[in-house]
Amino acid sequence: MEDEGVVPSSEEEITRKNAIEKLNQVACQRWLREHHITTASATVLTFGSYGLGVHNSESDIDAICIGPRFATLAVFFIILHDMLTSRPDVSEFHCIKDAKVPLVRFKLDGISIDLPYAQLKVMY
Numbered sequence: 000m001e002d003e004g005v006v007p008s009s010e011e012e013i014t015r016k017n018a019i020e021k022l023n024q025v026a027c028q029r030w031l032r033e034h035h036i037t038t039a040s041a042t043v044l045t046f047g048s049y050g051l052g053v054h055n056s057e058s059d060i061d062a063i064c065i066g067p068r069f070a071t072l073a074v075f076f077i078i079l080h081d082m083l084t085s086r087p088d089v090s091e092f093h094c095i096k097d098a099k100v101p102l103v104r105f106k107l108d109g110i111s112i113d114l115p116y117a118q119l120k121v122m123y
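Residues 0 to 123 in numbering that gives the first Met the number 0 are what the sequence shown spells out, letter by letter.
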């Protein structure tokens with residue numbers, strides 16, 4: 000099935016894993032540090048077909064960025080837009096604010112990613 004392009008090749012899998020690592024570093028870690036926030040953290044988690052390991056070579060990656068309660072969705076959209084659109088490995092960036100689940104949709108290293116944001120409602 001790999002020869003038919005249905006199953007991702009090992010190179011495609013590496014590209015996908017690297018894209019998630021980049022996204023975790025750029026979108027959810029760096030923006031906290033750049034705004035001098037040292038007492039909070041954020042992370043990216045995958046779900047859907049990629050998260051379950053049943054994706055194919057055409058599948059997008061469904062992920063969610065989980066951040067601190069003080070980082071609002073509006074702040075997330077603004078900062079993520081500024082940080083990702085300046086990168087040469089990011090293309091087709093769109094903020095979809097009026098969806099039932101607001102998210103950003105973009106390509107990172109040629110891989111389509113859907114990324115909503117959730118505030119963690121706990122105090123540290």
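Think of the CB as a built atom: it goes at the ideal place given N, C-alpha and C, for glycine as much as any other residue.
Extent of the continuous alpha helix (DSSP H) to which V74 belongs: Start and end: 72 to 84.
Cα-Cα separation between V25 and L83, rounded to whole angstroms: Roughly 8 Å between the two C-alpha positions.
For K120 and E20, the rounded distance between their alpha carbons: Distance between the alpha carbons of E20 and K120 is about 24 Å.
Boundaries (first-last residue) of the beta strand (DSSP E) holding A117: Under the DSSP assignment, A117 falls in the beta strand (DSSP E) whose first and last residues are 110 to 119.
Assigned secondary structure, R104 (DSSP; H/G/I helix, E/B strand, else coil): Looking at R104 - three-state DSSP - the assignment turns out to be strand.
Collapsed DSSP secondary structure at S40 in the structure displayed: If DSSP states are grouped into helix, strand and coil, S40 belongs with coil.
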